[in-house]
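Residue numbers (the working numbering), protein chains in the order written: chain A, 1 to 368; chain B, 1 to 368.
Think of the CB as a built atom: it goes at the ideal place given N, C-alpha and C, for glycine as much as any other residue.
Inspection log for the structure reproduced underneath, given as structure tokens.
There are 2 protein chains.
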Amino acid sequence: VEDRVYNFSAGPAVLPLSVLERAREELLCMPGVGASILEISHRSKAFLEIIETAEANLRKLLGISDDYAVLFLQGGSRLQFSMVPMNLLGADQSADYMVTGSWGKKALEEAAKVGKTRKVYDAKETNYDRLPEPFCADGGTMDLDPQAAYLHYTSNETIQGVQFSAEPETQGVPLVCDASSEFLYKPLDIDKYGLIYACAQKNAGPAGVTIVVVRKDLAERADPNLGVYLNFNTHIASGSMDNTPPTFAIYINKLVTDWLLSEVGGLEAMHSRNAEKAKLLYDVLDQNAEFYQGHARPDCRSLMNVTFRLPSDELTTKFDAEAKQNGMTDLKGHRSVGGIRASIYNAMPLAGVETLRDFMVDFAKKNG
Amino acid sequence: VEDRVYNFSAGPAVLPLSVLERAREELLCMPGVGASILEISHRSKAFLEIIETAEANLRKLLGISDDYAVLFLQGGSRLQFSMVPMNLLGADQSADYMVTGSWGKKALEEAAKVGKTRKVYDAKETNYDRLPEPFCADGGTMDLDPQAAYLHYTSNETIQGVQFSAEPETQGVPLVCDASSEFLYKPLDIDKYGLIYACAQKNAGPAGVTIVVVRKDLAERADPNLGVYLNFNTHIASGSMDNTPPTFAIYINKLVTDWLLSEVGGLEAMHSRNAEKAKLLYDVLDQNAEFYQGHARPDCRSLMNVTFRLPSDELTTKFDAEAKQNGMTDLKGHRSVGGIRASIYNAMPLAGVETLRDFMVDFAKKNG
Ligand SMILES: Cc1ncc(COP(=O)(O)O)c(C=O)c1O
Ligand SMILES: Cc1ncc(COP(=O)(O)O)c(C=O)c1O
Ligand SMILES: [Mg+2]
Ligand SMILES: [Mg+2]
Ligand SMILES: [Mg+2]
Ligand SMILES: [Mg+2]
């Protein structure tokens, strides 16, 4: 393990080392099974235990009641951009979409192919550095439709690094959340949501499984003539087993939620850790404001993706290269924001963030 | 490895031991990367090399020309049941479907939700024990539409164990094949196909990735207003990277095709091995015809899924239980066929089939 780097990738992203070690240990033979998790039938007793535990862990961590189904799907959050309106947006209805960054924009584009939509907020003019009020002072307001089929928002914009600290108020309209890049970073009040979806490859596992938590009565809206895979009710009725689920990705998700429960101690503890890690980096930005320029407005800074720019492209390239030499990878920001993005999801150890913090301080001193 | 069983599961199914060993070896750290394959960005150099090699291996093994795209998708073959007609079946067209077993039936059901379909063959009356002529003597004929958008068939029916030995003649209609449970078991003449799809969890890897080989000009038929994930052209244009692909499943597919190329020696060699293995079991059926009753007609027996019944349910249960005691698992047949199903995909070693053969001979002697 000597040669493992600190991997600040936005996703697929770092996983807990103990999860990887456990997966390695039983990769040829699951205990008592005589075959690899990669080989066993999804109908086998061993796999049923895994998927049931994965669901039970999520219910426990997030306090999910029986009013909600927990689904393990394929197709990424991108397929959810289509499935959500296909299932929840009736022909005579309209859905509200908040655009707080690149992902919200794409979600809206897909929904507009399916039915009637309204854009209730767009921070494009300031390159998505803010959220609407009350989450961001002077963030501007939303123009909500009280009759909307649902309100869709992106709780953490992975590319821009802006994050909601709480759920937007909807006045009774069902709330749909793309939580892809923050899911499981803190406790949630699930009852506030109609539907939450999250591809696993940030906080919840490897690429290849997307978790959907959906209020069962909302899912009943779906047109029964939808394709079986595209209909949430297929997966609700079959426990995500109508077709072959992505067994290995679900297995890793189960190990990650085991880790959250027994090693981390739950989502309150996870949230404290995450706040502590993010503060280390944002403090450097604030204390070196002439050198580092944070992208997100301070009141909506993400605890997951820390985005900032350096004085020049040359320094950005130098920062990225020297960080790599010091064992820190994947720090280059998305081209639409520029600069640097440090993704510090649940599994990024404090030591990794401390190493980056020290490097940042040092780099500013030497190049400022 | 002492305690590995012979796993005759129909899918997810046995993988080559050398593939599992390699995956285990680098599960914590890909050589030269410093992170697990489960953690690295899909845009990283290391992953790009993997997906490009996976595609190149498939092109080499099957002789796939540049007229075809090779895609790595999520959602299983079940999502393909919808995506194929969504992309290839125009509003003014009709598609022909052959129903030679449970999977062809489901594929047709999904297509009928999307557009106009015709059932050109159905072997339901004899519980799907046969294929149409000329693949099966007295199999009955197909009633093809020369104007069809495409002809869909299931080259190997996993549940019934009937398999086409060659492609049906279509008189110019594009041929679409669900090859899920035989893909890579022998060489193909790709030019005969418009589209081939196969979930990986039988011959090509773990659950979680589905391989689609599609003639690019056919894909151009797709309605541009389809959801991005649902449109083949999205994946063709982006090299299956418009959204996060199932990176680990693609990595294992790459290791499996590496194995086919360098350890097995290509698909001709694989086909010989598969024919040899299947013959061992079918010979037992033929030589013990009063005890074992094969489900598939002899001229369309599958080299992948060997299905047969025993004289009674009690003996079937006993067979399955005693096999398990002897280290052979997952032999119970699907309830719609009953009896026993031995899935002997590419990665099932000859020794596993010999062990089963010996057990079958012995069991018939003792219980016949
Ligand atoms: C907030 C958000 N939504 C959606 C996606 C798309 O997910 P996927 O690539 O699994 O489709 C991502 C990341 O890739 C994301 O960060
Ligand atoms: C021939 C065939 N088609 C389709 C499927 C469905 O694939 P999936 O479960 O990946 O959707 C299977 C097996 O599960 C199969 O054997
Ligand atoms: Mg994904
Ligand atoms: Mg609650
Ligand atoms: Mg699958
Ligand atoms: Mg050819």
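Any non-hydrogen atom of ligand 7 closer than 8 Å to residue i Cβ
| i | result |
| --- | --- |
| residue 78 of chain A | By its list of ligands, the structure shown excludes ligand 7, since it contains just ligand 1, ligand 2, ligand 3, ligand 4, ligand 5 and ligand 6. |
Test: residue i CB closer than 9 Å to a CB of chain A
| i | result |
| --- | --- |
| residue 286 of chain B | no |
| residue 304 of chain B | no |
| residue 360 of chain B | no |
| residue 7 of chain B | yes |
| residue 249 of chain B | yes |
| residue 125 of chain B | no |
| residue 198 of chain B | no |
| residue 4 of chain B | yes |
| residue 241 of chain B | no |
| residue 201 of chain B | yes |
| residue 183 of chain B | no |
| residue 329 of chain B | yes |
| residue 301 of chain B | no |
| residue 195 of chain B | no |
| residue 366 of chain B | no |
| residue 310 of chain B | no |
Below-9 Å beta-carbon distance, residue i vs any chain B residue
| i | result |
| --- | --- |
| residue 98 of chain A | no |
| residue 1 of chain A | Low per-residue confidence applies at residue 1 of chain A: pLDDT is 49, beneath 50, and the placement is therefore not dependable enough to give any value. |
| residue 356 of chain A | no |
| residue 232 of chain A | no |
| residue 23 of chain A | yes |
| residue 49 of chain A | no |
| residue 341 of chain A | no |
| residue 57 of chain A | no |
| residue 17 of chain A | yes |
| residue 39 of chain A | yes |
| residue 344 of chain A | no |
| residue 29 of chain A | yes |
First through last residue of the beta strand (DSSP E) which encompasses residue i
| i | result |
| --- | --- |
| residue 73 of chain A | 68-73 |
| residue 343 of chain B | 340-343 |
| residue 95 of chain B | 94-99 |
| residue 152 of chain B | 151-154 |
Given residue i as reference, the closest of the options once Cα atoms are compared
| i | options | result |
| --- | --- | --- |
| residue 203 of chain B | B/35, B/49, B/42, B/254 | B/254 |
| residue 175 of chain A | A/274, A/252, A/279, A/190 | A/190 |
| residue 57 of chain B | B/211, B/272, B/307, B/217 | B/211 |
| residue 323 of chain B | B/304, B/364, B/289 | B/364 |
| residue 84 of chain A | A/308, A/294, A/215, A/361 | A/215 |
| residue 315 of chain B | B/338, B/303, B/298, B/300 | B/338 |
| residue 192 of chain B | B/145, B/64, B/356 | B/64 |
| residue 237 of chain B | B/117, B/291, B/219 | B/219 |
| residue 306 of chain A | A/86, A/292, A/249 | A/292 |
| residue 336 of chain B | B/129, B/54, B/74 | B/129 |
| residue 14 of chain A | A/367, A/346, A/356 | A/346 |
| residue 195 of chain B | B/234, B/360, B/68 | B/68 |
| residue 46 of chain A | B/275, B/12, B/319, B/266 | B/12 |
| residue 172 of chain A | A/146, A/164, A/181, A/159 | A/146 |
Where the alpha helix (DSSP H) through residue i begins and ends
| i | result |
| --- | --- |
| residue 355 of chain B | 350-367 |
| residue 195 of chain B | Segment 195-199 is the beta strand (DSSP E) holding residue 195 of chain B; no alpha helix (DSSP H) there. |
| residue 78 of chain B | 76-88 |
| residue 188 of chain B | Here residue 188 of chain B belongs to no alpha helix (DSSP H), and DSSP marks it neither H nor E. |
| residue 176 of chain A | No alpha helix (DSSP H) contains residue 176 of chain A, which is instead part of the beta strand (DSSP E) from 175-178. |
| residue 120 of chain B | Per DSSP, residue 120 of chain B belongs to no alpha helix (DSSP H); it is in the beta strand (DSSP E), 116-122. |
task = Would you mind listing the alpha helix (DSSP H) stretches within the segment 10-53 of chain B that are 4+ residues and don't spill past its ends, in chain order?
result = 17-25
Runs of beta strand (DSSP E) wholly within the segment 209-249 of chain B (minimum 3 residues, chain order) = Within the segment 209-249 of chain B, the runs of beta strand (DSSP E) that reach at least 3 residues and sit entirely inside it are, in chain order, 210-215.
inquiry  = My parser needs the alpha helix (DSSP H) runs of 4 or more residues fully inside the segment 256-320 of chain A; what are they?
reply    = 267-287
query = Given 8 Å as the limit, is there contact between the segment 7-15 of chain B and the segment 335-344 of chain B, that is, 3 or more CB pairs closer than that?
reply = yes
request  = Report yes or no: do three or more beta-carbon pairs, one from the segment 183-201 of chain A and one from the segment 221-236 of chain B, lie closer than 8 Å?
outcome  = no
key: the segment 91-105 of chain B contacting the segment 151-168 of chain B, beta-carbon criterion three pairs below 8 Å   = yes
ask   = Taking one C-beta from the segment 79-91 of chain B and one from the segment 254-270 of chain B each time, how about it: are there three or more such pairs within less than 8 Å?
value = no
message = Contact between the segment 204-213 of chain A and the segment 320-337 of chain A is defined here as three or more beta-carbon pairs at a separation below 8 Å; is this criterion met?
response = no
query = Counting Cβ pairs closer than 8 Å, one from the segment 20-29 of chain A and one from the segment 26-37 of chain B, do we hit at least three?
reply = yes
ask   = Is there contact here, the segment 346-358 of chain B with the segment 275-287 of chain B, by at least three beta-carbon pairs under 8 Å?
value = yes
ask   = Is there contact between the segment 74-83 of chain A and the segment 107-115 of chain A, where contact requires at least three CB pairs shorter than 8 Å?
value = yes
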